[in-house]
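Since the structure comes first, as C-alpha cells, the remarks are kept for the end.
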Amino acid sequence: MNSLAAQAVRLLATLGHLVIEGLASIGRVTRFAGRAIGLALLPPYYPARLLEQILVIGYFSLPVVGMTALFIGSALAQQIFIGGSRFNAASTVPAVTVIGIVRELGPVLGGLMVAGRVSSAMAAELGTMRVTEQIDALATLRTDPFRYLIAPRIVAAVLTMPILVLVANAVGVLGGFLLATNKLGFNSGNYLATTLHYLKFEDVASSMVKATVFGFIIALMGCYHGFHSSGGAAGVGKATTSAVVSAFILILLSNLIITVIVFGS
Amino acid sequence: MSEIPKIALKGLRKRFGNKHVLNGVDLDVCAGESMVIIGGSGTGKSVTIKCILGLIRPDAGRIEIDGVDVTDLKGRALAAHQGRFGMLFQGGALFDSLSVWKNVSFALDQRQGGTRLKAAAIDNLARVGLGPDVADLRPSELSGGMQKRVALARAIAPRPEIIFFDEPTTGLDPIMAGVIDHLIVELVKDLKITALSITHDMGSVRKIADRVAMLNEGRIVWQGTRQAIDETDNAYVYQFINGLAEGPIKMVVGGH
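Just so you know, the sequences run in chain order A and B. Residue numbers for the first sequence follow the working numbering, so the first one is 2 and each next one is one higher. Residue numbers for the second sequence follow the working numbering, so the first one is 43 and each next one is one higher.
Dropping the structure here:
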C-alpha cells in the first residue's frame, strides 16, 4: 500500500516536471521570437542576407511545393468524383476541390513541405555554426548574431510563404482541372466558371493568413533549435529533428486554430 | 603595480547546473602584456574568456576593462564592448559560406566598398604570411594551419585592443604550431595588443607568455613570469608542466 502511494507521488512529480519543462520551453521560444522580431525591425539591416534567404526559402521551394499541390489537387478531384457519384453529386468536383485546396490543403501541405526543406536546413546550418563557434565569432566581429542570422531568415520566411501558398493553390486547382477535364469528362469552360464562382475572398484571405503564420513558425523553429544546439554532430542532428517535428506540430495546431476562428462561426 | 590593469577579474564565479566551473577567479592583465592561462581540460579556461567577452554572464564577481566595470553590459553597450576584442577560436571558426577575404574583412566597415575591403584583407593576410592567392579560396579548401592563420588575420584586422587566443596550437603539427606561436608574439608586439591566451601546450606557453597563471578547479592557484614556472615549488605547476599523473590536480573524467 505504501509503495503504491510512493509510486503515485512519483508519477505526479514526473508529470509536474514535464508540465514545468513544457512551460519553460514555451517561455524560452517566446523570448527568442520577441527578440528576433524586435531586432528585425531595427537597423542595422542586412539586405544581402535577406535576399539570399528569400531565394533559398522562396524560389528553391517552388518545385517541391508545386509538385505537391499538383498531385494532391488531382487526387482530391478524383476522390470527390468517386464520393460524389454515390449520391448524384459528381458535379460538385470543381467547387469542393477549390475550397479544399485554398482553405486547407494548399497552405497546410505547402507549409509542411517548406518546413521539411527549410526548418531542417536552418537548424543544421545554425547548429553547425554554433558547435564550430562561428556564432560566438560573429559577436567578436562587431556583428549581432541575431540581426545577421535570425532576423533575415524570419523576415524572408514570412514574406515568401504567402507567395508560395498562392502558387500552391493555383497549381492545386490546376491539378484538379487537368484530371477532371481529361479523365472525368468535365467541360473545361464550365469547370473554370464553377471554380471561380465558388472561390470567395475570405478563402484566399484565410489562406494568406495561414501562410504568414506558417512561414513564421518554419523559420522560428529552424532558428531556435539550431541556435541553441550543443554537443557536436549528434547535437546538430537532434536540433534538426526537433526543428522539423516542432514545426510540423505547430503548423497543424495553428491551422486548426485559424480554421476554427475563421470558419467556425 | 600602481597602473590600472587592462583586464581585471575579481572573484568571478559561474556554475552550470551543479558543476561549479569558476570558483572566484582573480586575475589582472596589464596593458600590452601577453598573459597565458594554463590548466587541464574542463578547469574553466574557456568560460573565463567567454565571461570577459560578454558571451556568458558570470553568477558573481566583477570584470573591469581599463578600470571600468563591464560585468552587466547589455544591448548596444555590450556590442561596443565586444568590438574592443579580437579572438582566435580553437577551430578557427571561419565562416564557411564566405571566401577567405570576406572572412578577414568581416569586422571592417562594409561601406568602404569591395575593392578597398579586399585590399585591407590582403594586407592582413600578408601579416600572417599568406599571399593574395588565398584571398578568393573558401575556408574548406585550406589546411588546418592555414585556416588558423586566416582566423588570426581576421582577428587582428579591426586592430582590437585586446585579443584572446583559445588553444592556438591545438591540432597543429609542431612546425606549424611554432609558426603560429611566432606570429602571435610578433603581432602582439607590433600592434601593441594586450593578449590573453589559454592553452595546455607548454611549448607554446614558453614562447608566447610574458606572465603565466594556472587555473585549477575554477581558481587561480599560481601566477608568475614565464621564467618562474620552471623555478616555482608550487605543486600544481610542477605536476602540470611535468605531465605527472600523481599530484594535487585530480583529472575530471569527461568535460562539460
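All C-beta atoms in this analysis are idealised placements derived from N, C-alpha and C, irrespective of residue type, glycine included. As the structure is a prediction and not an experimental result, all values here were calculated from the model.
- No Cβ-Cβ contact shorter than 8 Å links Arg148 of chain A with Gly227 of chain A.
- At a C-beta separation below 9 Å, Ala124 of chain A has no neighbours in chain B, since its nearest C-beta there lies roughly 16 Å away.
- Straight across, the Cα-Cα distance linking Val174 of chain A with Tyr60 of chain A is about 21 Å.
- At a Cβ-Cβ threshold of 8 Å, Pro153 of chain A and Tyr47 of chain A count as neighbours.
- When rounded, the separation of the alpha-carbon atoms in Gly84 of chain A and Ala9 of chain A is 50 Å.
- Per DSSP, reduced to three states, the secondary structure at Val63 of chain B is strand.
- Distances from the alpha-carbon of Gly28 of chain A to those of A:Ile73, A:Tyr225, A:Lys239, A:Ala234 put A:Tyr225 closest.
- Beyond the five residues adjoining it in sequence on each side, Ala122 of chain A comes within less than 8 Å, by CB distance, of Val57, Gly223 in the same chain, given in chain order.
- When the Cα atoms are used, Ala193 of chain B and Phe137 of chain B turn out to be separated by approximately 10 Å.
- For Phe127 of chain B, the residues of chain A that pass the 8 Å Cβ criterion are Thr141, in the order they occur in the chain.
- In the structure shown, Arg57 of chain B adopts extended strand secondary structure according to DSSP, grouped into three states.
- For Asn256 of chain A, the closest alpha carbon among the candidates A:Ala194, A:Val103, A:Gly67, A:Thr144 is that of A:Val103.
- Restricting attention to alpha helix (DSSP H) runs no shorter than 4 residues, the segment 212-265 of chain B encloses them at 216-233, 244-250, ordered along the chain.
- Fully contained in the segment 129-191 of chain A are the following alpha helix (DSSP H) runs of length 4 or more, in chain order: 135-141, 152-183.
- Contact of Thr15 of chain A with chain B is not assigned, every C-beta pair being separated by 8 Å or more.
- With fewer than 16 other beta carbons inside 10 angstroms of its own, Lys201 of chain A counts as exposed.
- Per the C-alpha coordinates, the member of B:Gly285, B:Ile240, B:Gly128, B:Met256 positioned closest to Thr212 of chain B is B:Ile240.
- Beta-bridge pairing by DSSP links Lys52 of chain B to B:Arg104.
- When 7 Å is used as the limit between beta carbons, Thr133 of chain A is near these residues of chain B: Gly133, Ala135, in chain order.
- With contacts defined as CB atoms closer than 8 Å, Phe127 of chain B and Ile205 of chain B qualify as a contacting pair.
- When C-beta atoms of the segment 179-195 of chain B are compared with those of the segment 116-134 of chain B, three or more pairs fall below 8 Å, so the two segments count as touching.
- A distance below 6 Å between beta-carbons, with the five flanking residues on each side excluded, links Ala91 of chain A to the following residues of its chain, in chain order: Phe82, Gly85.
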